[in-house]
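*Asks:* I'd like to ask you about the structure that follows.
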Amino acid sequence: MYQKSVRVAAIHDLSGVGRCSLSVILPTLSAQGIQVCPVPTAILSTHTGGFGDVAMRDLTDYIMPALEHYQRLNYSFDCIYSGFLASKEQVDHCLNFFEYYKDSLKVVDPVMADHGKPYKTCTDELRKGMSKLVAIADIITPNITEAAMLLGENPLQPDLSSQQMKSFLVRLSELGPKIVVITSVYSDGHYYNIGYEHDHSKFWKVPYNIINASYPGTGDVFASVLTGSILRGDSLPIAMNRATAFLETAIKTTYSYSTDVRDGIMLENCLDFLISNPTLCDYEQL
Ligand code: PXL
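Sequential numbering from 1 applies to the sequence shown in this note's numbering.
Here's what the structure looks like:
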């Protein structure tokens, strides 16, 4: 019997080395039983985090013809999921995707920055464009630096109280998305991924242990596991739990091998966790 799989159009770059963007989004969602249709925004030899001069081909003029082809085919997607964009023009192309597939789940990962600093490729215009995408999204998944940038606050955020965490979540939701998840939030000696569901007025947090290394691509993996989990019907706190637990496993596995951090997390060693899809319930209310 033919079983239709859940299908996602993933609008992200393809970086050859460094395990980020489509290189991790494809296996992560596939292991969760989701079909990924990549719409590459750019092709890069490596990510932009520490490998020196990158060979890059900007694919700005590819996205609209790809959308037009899918329109001619009357092809459907259950979810449109955008991330790293290579130019400000790509914001409008993503908006066209989101507008055409208006009944699909709209996930925007506003990839712009980390650890208090914008990525080299993040211009002021791209930052403004990301706010437009956030405004039409159902779900957004910024890290704390990106969350602060979207709200016009200092990208370097200090220790946050529960009230401040809730304020971040609510103010981002007021920009448009009904579900907001912020990663890498530091509060009172612990790290958390935090979330908010506007429709249920519920706040969630999932704590995690931090290790002394920072790997690229972890935000992409987090957002992909979260998206896959929600598309499979999990609740928001369980999806946050699954994404956090998977990353904790993958990061600790990688750290044990003392690899070059620029190579990212050893995803391929850990995919069994996503395939077996264990029952989880380790979340807290914020
Ligand atoms: O993981 C975010 C990301 C995506 N794509 C490219 C990047 C980065 C982060 O550095 O450089 C090209």
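Note that the Cβ used here is the ideal one computed from N, Cα and C, for glycine as well.
Between which residues of its own chain and E284 is the CB-CB distance below 6 Å, once the five residues before and five after are set aside?
*Replies:* K205
*Asks:* For D92, which three-state DSSP category applies?
*Replies:* Here D92 sits in helix by DSSP.
*Asks:* Does the distance from the C-beta atom of F98 to that of K106 stay below 7 Å?
*Replies:* When the beta-carbon positions are compared, F98 and K106 come within less than 7 Å of each other.
*Asks:* Identify whether S131 lies in helix, strand or coil by the three-state DSSP scheme.
*Replies:* helix
*Asks:* Quick check on the burial criterion: 16 or more other C-beta atoms within 10 angstroms. Buried or exposed for Y196?
*Replies:* buried
*Asks:* In chain order, what residues have a CB nearer than 6 Å to some heavy atom of the ligand PXL?
*Replies:* D13, S15, C20, S21, L44, H47, T48, G49, F84, V111, Y119, P216, G217, G219 and D220
*Asks:* What is the DSSP secondary structure of H115, counted as helix, strand or coil?
*Replies:* coil
*Asks:* My understanding is that M149 touches M112, with C-beta atoms under 8 Å, so please give their C-beta distance in whole angstroms.
*Replies:* 6 Å
*Asks:* Does the contact criterion of 3 or more C-beta pairs under 8 Å hold for the stretch 264-276 versus the stretch 34-42?
*Replies:* The answer is no - the stretch 34-42 does not touch the stretch 264-276, with fewer than three Cβ pairs under 8 Å.
*Asks:* Comparing C-alpha positions only, which one of V39, S30 and S21 sits nearest to T46?
*Replies:* S21
*Asks:* When the Cα atoms are used, what is the spatial distance from T259 to E248?
*Replies:* Cα-Cα distance, rounded: 16 Å.
*Asks:* With Y287 as the anchor, note down where its alpha helix (DSSP H) starts and where it stops.
*Replies:* As displayed, the chain neither begins before 1 nor continues past 286, which places residue 287 out of reach and without an answer.
*Asks:* So, helix, strand or coil for S214, using DSSP?
*Replies:* Coil at S214, not helix or strand.
*Asks:* Inspect the beta-carbon positions of N143 and S82 and report whether they are closer than 7 Å.
*Replies:* no
*Asks:* Look up A137 in the DSSP assignment and say whether it is helix, strand or coil.
*Replies:* coil
*Asks:* Secondary structure at L29, three-state DSSP: helix, strand or coil?
*Replies:* helix
*Asks:* Closest to D58 by C-alpha separation, out of A42, P207 and P38, would be which residue?
*Replies:* A42
*Asks:* Between C79 and T227, how many whole angstroms is the CB-CB distance? I'm expecting something under 8 Å.
*Replies:* 7 Å
*Asks:* Give the range of the alpha helix (DSSP H) segment to which V170 is assigned.
*Replies:* S162 to E174
*Asks:* Exposed or buried, which one is L126 when buried takes at least 16 other CB atoms within 10 Å?
*Replies:* buried
*Asks:* Starting from the C-beta of G129, find all residues in its chain whose C-beta is less than 6 Å away, skip the five residues before and the five after it, and write them out in chain order.
*Replies:* K88 and V91
*Asks:* Opposite T41 in the DSSP bridges: which residues?
*Replies:* Bridge partners of T41: none, in fact.
*Asks:* Given a cut-off of 7 Å on the beta-carbon distance, is the pair T28 and V221 in contact?
*Replies:* yes
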